[in-house]
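Following this note's numbering, the numbering of the sequence shown begins with -9 at its first residue and continues without gaps. The structure under discussion appears below in the form of structure tokens.
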Amino acid sequence: MVYDPAYGGDIPEEDYPFNDEAYSAADCEHWSKAALWTLDQAITLSFNRDPHVIGWANVSGCPPEIEFVRRYTDLRRLVLRAHEVGDLSDPVAPKTFIAWMRLKDLPFPSTLAQMVHASSAGRQSSGGHKMEAVRRACFDLWKGDGPIGLSQEERLTRVNAVLAERGQAKVGLTTLKTALRDLYGAQASAKND
-9 MVYDPAYGGD IPEEDYPFND EAYSAADCEH WSKAALWTLD QAITLSFNRD
41 PHVIGWANVS GCPPEIEFVR RYTDLRRLVL RAHEVGDLSD PVAPKTFIAW
91 MRLKDLPFPS TLAQMVHASS AGRQSSGGHK MEAVRRACFD LWKGDGPIGL
141 SQEERLTRVN AVLAERGQAK VGLTTLKTAL RDLYGAQASA KND
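Here it is, written out as structure tokens:
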């Protein structure tokens, strides 16, 4: 039992959602296909948990004596320090994050690592660098919220302006829709069509 001030009493440690693997397990197939992860997503995936279910917002309010909370917080501190010194970007390519974890001798789920490796090999053979540049431009423009309230033409204009600033070729609407779907889900790529 752990005293939880937010609850106002003791709660069994196993009752926290991050301890319920059936509820919070990561969808490795989905996450292995993402070209970029935010650092918070990457940290959560390091524990084989789904970032749509578990994240810093959930963990930060929990009692620090819970083992999962302590390990998550410790890893988050290391990752944020690596970001501060430029070792990790935010967002980060999954393959880069996994390599950093291995370099630091930190555990990462082997199934997800293998699936990321296989997925990134496929992306590289099908123009993955271009798509990664588009996803990064989208994320830099709209962070985690997505391009709310913009027409497809406005989105395309903004993304192509960022790509031009970075010396990269312009992209078409189909490429942009794919990047938005990868980052924000099917709803974001279809909004305001």
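Think of the CB as a built atom: it goes at the ideal place given N, C-alpha and C, for glycine as much as any other residue. As the structure is a computational prediction, the values presented were derived from the model and not from experiment.
Beta-carbon spacing of Ser14, Val106 below 8 Å = The residue labelled residue 14 in the question sits at position 24 within the sequence shown. The residue labelled residue 106 in the question sits at position 116 within the sequence shown. The answer is no: Cβ separation not under 8 Å.
Between the CA atoms of Leu131 and Leu166 - distance to the nearest angstrom = Translated into the one-based positions of the sequence shown, residue 166 becomes position 176. Translated into the one-based positions of the sequence shown, residue 131 becomes position 141. Distance between the alpha carbons of Leu166 and Leu131: 13 Å.
Excluding five sequence neighbours on each side, which residues of the same chain lie with their C-beta closer than 7 Å to the C-beta of Ala103?
-> As a working mapping, residue 103 is identified with position 113 in the sequence shown. Closer than 7 Å at the Cβ level, and outside the excluded window around Ala103, lie Ile88.
Count the other CB atoms within 10 Å of the CB of Leu93; is the residue buried (16 or more) or exposed (fewer)?
-> Position 103 of the sequence shown holds residue 93. Counting Cβ neighbours within 10 Å, Leu93 comes out exposed, since fewer than 16 surround it.
Please report the residue range of the alpha helix (DSSP H) in which His20 lies.
-> As a first step, residue 20 must be located in the sequence shown, where it is residue number 30. For His20, the enclosing alpha helix (DSSP H) has its first and last residue at Cys18 to Lys23.
For Ala127, does the count of other Cβ atoms within 10 angstroms reach 16, so buried, or fall short, so exposed?
-> Locating residue 127 in the sequence shown gives position 137, counting from the first residue. Answer is buried; the Cβ neighbour count reaches 16.
Does the Cβ-Cβ distance between Val82 and Ala32 come in under 8 Å?
-> Position 92 of the sequence shown, counted from the start, is the residue given in the question as residue 82. Position 42 of the sequence shown, counted from the start, is the residue given in the question as residue 32. By the CB criterion at 8 Å, Val82 and Ala32 fall inside the cutoff.
Cβ-based neighbour list, Arg156, same chain, cut-off 8 Å, excluding 5 preceding and 5 following | To locate residue 156, count along the sequence shown from 1; it is residue 166. These residues qualify, in order along the chain: Ala123 and Ala127.
Cβ pair Val43, Cys52 closer than 8 Å = Taking the first residue of the sequence shown as 1, we reach residue 43 at position 53. Taking the first residue of the sequence shown as 1, we reach residue 52 at position 62. No, these two residues do not count as a Cβ contact at 8 Å.
If you follow the alpha helix (DSSP H) that Ile33 is part of, which residue opens it and which one closes it?
-> To locate residue 33, count along the sequence shown from 1; it is residue 43. Per DSSP, Ile33 belongs to the alpha helix (DSSP H) from Leu29 to Ser36.
With Asp80 and His73 assumed to form a contact (beta carbons below 8 Å), what rounded beta-carbon distance in angstroms separates them?
-> For the purposes of this step, residue 80 is taken as the residue at position 90 of the sequence shown. For the purposes of this step, residue 73 is taken as the residue at position 83 of the sequence shown. Correct: roughly 6 Å between the Cβ atoms.
Alpha helix (DSSP H) segment containing Ala151, residue limits = Taking the first residue of the sequence shown as 1, we reach residue 151 at position 161. Looking at the DSSP string, the run of the alpha helix (DSSP H) that includes Ala151 is Gln142 to Glu155.
I think Ser125 touches Ala159, with their Cβ atoms under 8 Å apart; what is that distance to the nearest whole Å?
-> Translated into the one-based positions of the sequence shown, residue 125 becomes position 135. Translated into the one-based positions of the sequence shown, residue 159 becomes position 169. At residue 125 the sequence reads Arg, which differs from the Ser that was named. The pair is not a contact, with the Cβ atoms about 15 Å apart (cut-off 8 Å).
Just reading off the alpha helix (DSSP H) that His42 is part of, what are its end residues?
-> Start at 1 with the first residue of the sequence shown, and residue 42 comes out as number 52. DSSP places His42 in no alpha helix (DSSP H); its state is neither H nor E.
How many Å lie between His20 and Glu55 at the Cα?
-> Position 30 of the sequence shown, counted from the first residue, corresponds to residue 20. Position 65 of the sequence shown, counted from the first residue, corresponds to residue 55. C-alpha separation (whole angstroms): 32 Å.
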